[in-house]
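Asker: Have a look at the structure that comes next, please.
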Amino acid sequence: MTDAVGSIDTPDAQDEAPESKKVRKGGKRAKKGPLKRLATFYRQVIAELRKVVWPSRNQLTSYTTVVIFFVAIMIALVTVIDYGLDHAAKYVFG
Numbered sequence: 026m027t028d029a030v031g032s033i034d035t036p037d038a039q040d041e042a043p044e045s046k047k048v049r050k051g052g053k054r055a056k057k058g059p060l061k062r063l064a065t066f067y068r069q070v071i072a073e074l075r076k077v078v079w080p081s082r083n084q085l086t087s088y089t090t091v092v093i094f095f096v097a098i099m100i101a102l103v104t105v106i107d108y109g110l111d112h113a114a115k116y117v118f119g
């Protein structure tokens, strides 16, 4: 099929890579060594952490209290459901 556009038999012009160009692997990162890349990573992490809006002590205390209270309620709920299913299974199976 030579007349169909994009057929398997006729390769597209964009699929063919020119052989005169050398393709460099890795882009810009190929120039740097592993220690420089690691240092860059840590610098970027510190820069991102400086952008974070940290909660105040009062906010942190209230958030922690809400989370602990919610977890305690969920533990109680799962315990009650487990206790009920345990008694139901004992009733059904003897």
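All the letters of the sequence shown, read from the start, carry residue numbers 26 to 119 under this note's numbering. Built from N, CA and C at the ideal position, the CB exists for glycine as well. As the structure is a prediction and not an experimental result, all values here were calculated from the model.
#1: For G109, name the three-state secondary structure that DSSP assigns.
#2: What is the DSSP secondary structure of K76, reduced to helix, strand or coil?
#3: Output yes if chain D places a C-beta closer than 8 Å to the C-beta of Y108; else output no.
#4: Please list, in chain order, all residues of the same chain as Y88 whose beta carbon is under 8 Å from its beta carbon, the five residues on each side excluded.
Answerer: Per the coordinate set shown:
#1: helix
#2: helix
#3: Protein chains in the displayed structure number just one, and chain D is not present.
#4: P80
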